[in-house]
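Here is the structure we will look at, set down as structure tokens.
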Amino acid sequence: MRRQNPCSGFITMNPMTMILRIAAVGLLSLSLGDTASAKTLRIAMISPAITFGAPYSRDEGGMIRWAIYDNLTIITPGGDLSPSLAESWTIENDTTWIFKLRTGVVFSNGEVFDAAAAAAAINSLIDPTRRFPRLLDIPGIVGARARDATTLEIVTAKPDPLLARRLSLVPIPAPKAWAEMGPEVFAKNPIGTGPFRVVKWGAAGYRLEAVPTSWRKSKQIDVIETNTITDATARIKALLSGRVDVALGLGPDDLEEIKAAGYTTRIVPIPSVLAVAFRTVRDDAAPLKDVRVRLALNYAVDKETIVATILAGTTRVASQGTVPGIPGYNSNLKPYAYDPAKAKALLSEAGYPNGFNLSILVYGGLLPNDTTIFQKVAQDLGAIGVNVELRSMTFPDYARRLFNGDWEGFDAFSNGWLSIGIGDPIRAVDQFSCGYNAPFFCEPGMMPLIDATRTEMDPIKRDKLMQNVMAEFNKVGVALWLVEFSTITGLSPRVKNYATRGEGISINFEAIELETK
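Anchor point for the sequence shown: position 135 equals 595 in my numbering, and the numbering is continuous, going up by one each time.
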């Protein structure tokens with residue numbers, strides 16, 4: 461039985477908007493059949509492939525991108541950097557990287573993958589006339605060229621110790637098809653070296669077929685069918701009725717019902733942290749400018765109860781801005797203890813014995829039940845005299861404010877410290893630095909340390925530098941740490957060998973098998 465969320469309706473995203481954008485294209489709708497096939501995997505998605513199969517988009521792509529494409533490198537679920545189309549790499553000098561590429565790989569249209577194809581992909585991404593969204597995650601590349609058929613050279617403007625990790629975000633499209641079709645047409649007819657290819661787009665889903673020539677050839681699955689079902693209850697119903705084999709994006713409240721029906725779940729940690737970011741870059745004498753106040757808020761929130769009751773024990777309390785297994789994670793740091801008395805004492809010491817008013821902008825959808833989490837935060841802060849006003853915002857509104865700094869006087873905002881993508885916390889660290897394009901938190905004394913993490917090429921030395929960044933951030937109370945991310949997926953009993961690739965977000969489709977009776 462699903463428990464009613466007491467905060468439902470508090471924050472509303474609008475996933476239907478995304479569906480309508482796809483429907484407007486006028487493509488045929490896909491509908492999932494009721495009869496299970498031994499070689500067809502049926503998936504209930506949370507959101508559709510908004511930009512279809514565009515290789516250089518930043519949206520997740522309805523989980524389609526990594527079924528179609530490969531990258532030069534990949535981040536493992538444990539956060540390690542691993543080979544993919546590039547089998548090895550070396551740093552020739554501070555700004556030149558050399559990648560030795562996998563041989564015998566072909567695209568689904570028969571084109572050969574080689575260093576020229578990889579160079580064409582990199583140079584297309586950095587084309588200044590295109591301004592592809594993914595370029596935001598791969599800054600500073602000057603160019604790429606093939607030294608020979610299996611050797612790729614990439615040159616950066618400045619030393620970038622994370623280049624090999626950043627390349628895990630860059631799919632390699634078939635170069636001739638890309639050049640002939642152009643980005644818009646190619647997005648609806650994507651061609652990569654992955655184990656599947658698109659054969660039909662639908663209003664809220666798509667159909668993929670296995671590519672027998674792929675180097676990541678599917679073990680059993682011949683067809684993947686997806687449908688976008690935005691409501692979690694409807695996704696559960698589709699799973700338990702046998703209409704789908706996999707239901708993504710479930711919540712802690714769904715675990716009991718799934719287990720009782722004889723189905724299984726996978727709880728996968730995601731390398732990101734839910735937090736409340738503090739604004740200290742402002743003209744007024746705000747309480748949050750005092751480190752004692754920021755630390756008091758961390759001690760005031762009962763995060764263990766959040767994990768145990770709101771999230772059903774599916775994750776852990778956060779101790780810092782990253783998670784175990786990610787470079788820079790500092791194992792010496794422990795979560796702030798729940799200590800309201802200490803929190804009150806710190807507030808009194810800072811000159812706020814009676815508390816103060818605090819306004820927080822929040823958006824939902826970062827992880828299940830996060831709206832309830834924010835209300836629990838407001839409740840706990842109220843217990844020490846901090847009167848919280850929670851105001852909802854949409855994700856596009858959040859992205860706009862983060863980019864231009866237009867916080868309209870709000871004191872804090874919900875934030876995901878995302879190490880996902882490249883398996884490194886640098887993007888979140890940059891946002892909380894004085895050097896961010898629209899800084900909201902600034903500790904000038906930390907900038908030399910943060911800057912050093914951007915250019916230190918020795919991974920061991922850089923890891924230590926980032927650990928020091930995490931320790932310093934905790935000393936100054938850069939944010940209110942809450943919990944680490946995780947995802948919950950429901951599986952039919954017929955699904956075998958289900959696993960994720962990358963950092964727990966994408967599905968390792970080629971390894972899945974379906975049991976037949």
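Glycine included, C-beta positions come from ideal geometry on N, C-alpha and C.
Here the structure is a predicted model, which means the values were calculated and not measured.
For Lys618, the first and last residue of its enclosing alpha helix (DSSP H): Against the sequence shown, residue 618 aligns to sequence position 158. It is not in any alpha helix (DSSP H) - Lys618 carries neither H nor E in the DSSP assignment.
Let me know if Ala578 comes out buried or exposed under the rule of 16 or more other beta-carbons within 10 Å of its beta-carbon. Locating residue 578 in the sequence shown gives position 118, counting from the first residue. Buried, since its Cβ has 16 or more Cβ neighbours within 10 Å.
Between the CA atoms of Arg626 and Thr610 - distance to the nearest angstrom: Within the sequence shown, residue 610 is the residue found at index 150, counting from 1. Within the sequence shown, residue 626 is the residue found at index 166, counting from 1. Using only the alpha carbons, I get a separation of about 20 Å.
Limits of the alpha helix (DSSP H) - the one that Ile920 falls within: Walking along the sequence shown from the start, residue 920 turns up at place 460. First-last of the alpha helix (DSSP H) with Ile920: 919 to 936.
Minimum C-alpha distance to Pro856 - residue among Gly825, Trp557, Thr913: Taking the first residue of the sequence shown as 1, we reach residue 856 at position 396. Nearest option by C-alpha distance: Gly825.
Kindly give me the distance between the Cβ atoms of Val955 and Ile967, rounded to whole angstroms, as I take these residues to be in contact under 8 Å. To locate residue 955, count along the sequence shown from 1; it is residue 495. To locate residue 967, count along the sequence shown from 1; it is residue 507. No, Val955 and Ile967 are not in contact; Cβ-Cβ is about 11 Å, not under 8 Å.
Return the first residue and the last residue of the alpha helix (DSSP H) that Asp890 is part of. As a working mapping, residue 890 is identified with position 430 in the sequence shown. Asp890 -> alpha helix (DSSP H) spans 886 to 891.
Nearest to Glu644 by alpha carbon, out of Phe592, Ile965, Val889, Lys660? Numbered from its first residue, the sequence shown carries residue 644 at position 184. The option with the nearest alpha carbon to Glu644 is Phe592.
Burial state of Pro635 (16 or more Cβ within 10 Å): Here the question's residue 635 lines up with position 175 in the sequence shown. Flag for Pro635 reads buried.
Residues near Ile524 in its chain [Cβ-Cβ closer than 7 Å; skip 5 each side]: For this step, residue 524 is matched to residue 64 along the sequence shown. Cβ contact annotation for Ile524 (same chain, cutoff 7 Å, sequence separation greater than five): Ala509, Gly513, Tyr666, in chain order.
Let me check understanding here. Comparing Cα to Cα, which of Leu734, Phe900, Phe738, Asp597 lies closest to Arg887? The residue given as residue 887 occupies position 427 in the sequence shown. Considering only alpha carbons, the answer is Asp597.
Please report the distance separating the alpha-carbon of Leu708 from that of Gly702. Here residue 708 corresponds to residue number 248 of the sequence shown, with the count starting at 1. Here residue 702 corresponds to residue number 242 of the sequence shown, with the count starting at 1. Taking the straight line from one Cα to the other gives about 15 Å.
What do you get for Asn829, buried or exposed, if any count of 16 or more other CB atoms within 10 angstroms of its CB means buried? Indexing the sequence shown from 1 puts residue 829 at position 369. With 16 or more other Cβ atoms within 10 Å, it is buried.
Lys804 versus Val761 - alpha carbon distance: Here residue 804 is taken as the residue at index 344 of the sequence shown, counted from 1. Here residue 761 is taken as the residue at index 301 of the sequence shown, counted from 1. Each residue's alpha carbon lies about 12 Å from the other.
Where do the ends of the beta strand (DSSP E) carrying Asp608 lie? As a position in the sequence shown, residue 608 is number 148, starting the count at 1. Where Asp608 is concerned, the enclosing beta strand (DSSP E) stretches over 601 to 608.
Would DSSP call Phe573 helix, strand or coil? Within the sequence shown, residue 573 is the residue found at index 113, counting from 1. Coil, per DSSP.
N-terminal and C-terminal residue of the beta strand (DSSP E) that Trp675 is part of: Counting from 1 along the sequence shown, the entry for residue 675 is found at position 215. Here Trp675 belongs to no beta strand (DSSP E), and DSSP marks it neither H nor E.
Unbroken alpha helix (DSSP H) run spanning Ala514, endpoints: In the sequence shown, counting from the first residue as 1, residue 514 sits at position 54. Per DSSP, Ala514 belongs to no alpha helix (DSSP H) and is neither H nor E.
Let me confirm a value: Phe515 is counted as buried when at least 16 other C-beta atoms fall within 10 Å, else exposed. Which label applies? Stepping through the sequence shown from its first residue, residue 515 is reached at position 55. Rather than Phe, the amino acid found at residue 515 in this sequence is Pro. Answer is buried; the Cβ neighbour count reaches 16.
Asn422 classed as buried or exposed, judged by whether at least 16 other C-beta atoms fall within 10 angstroms: Residue 422 falls outside the range modelled here, since the chain spans only 461 to 977, and no answer is possible.
Thinking C-alpha only, which one of Ala801, Val767, Ile833, Ile880 is nearest Gly785? What you label residue 785 is simply residue 325 of the sequence shown in a count that begins at 1. Answer by Cα proximity: Ile880.
Suppose you measure from the CA of Gly980 to the CA of Thr915; what does that come to, to the nearest Å? The structure shown has nothing for residue 980, since the chain only spans 461 to 977.
Does DSSP put Thr913 in a helix, in a strand, or in coil? As a position in the sequence shown, residue 913 is number 453, starting the count at 1. If DSSP states are grouped into helix, strand and coil, Thr913 belongs with the helices.
Which partner residues of Met505 appear in the DSSP bridge assignment? Mapped onto the sequence shown, residue 505 falls at position 45. According to DSSP, Met505 bridges with Thr688.
Rounding to the nearest angstrom, what Cα-Cα distance links Leu925 and Asp918 in this structure? Residue mapping note: residue 925 aligns to position 465 of the sequence shown, counting from 1. Residue mapping note: residue 918 aligns to position 458 of the sequence shown, counting from 1. Cα-Cα distance, rounded: 11 Å.
Which of the three DSSP states is assigned to Phe901 in this structure? For this step, residue 901 is matched to residue 441 along the sequence shown. Here Phe901 sits in coil by DSSP.
Can you find the residues in the same chain that come closer than 7 Å, C-beta to C-beta, to Leu487, ignoring five residues on each side of it along the sequence? Reading the sequence shown from its first residue, position 27 is the one you call residue 487. Its pLDDT being 36, under 50, Leu487 is placed unreliably by the model, and the measurement read from it follows with that caveat. Only Trp661, Gly662, Ala663 meet the Cβ criterion.
What are the partner residues of Trp991, as DSSP defines its beta bridges? The structure shown has nothing for residue 991, since the chain only spans 461 to 977.
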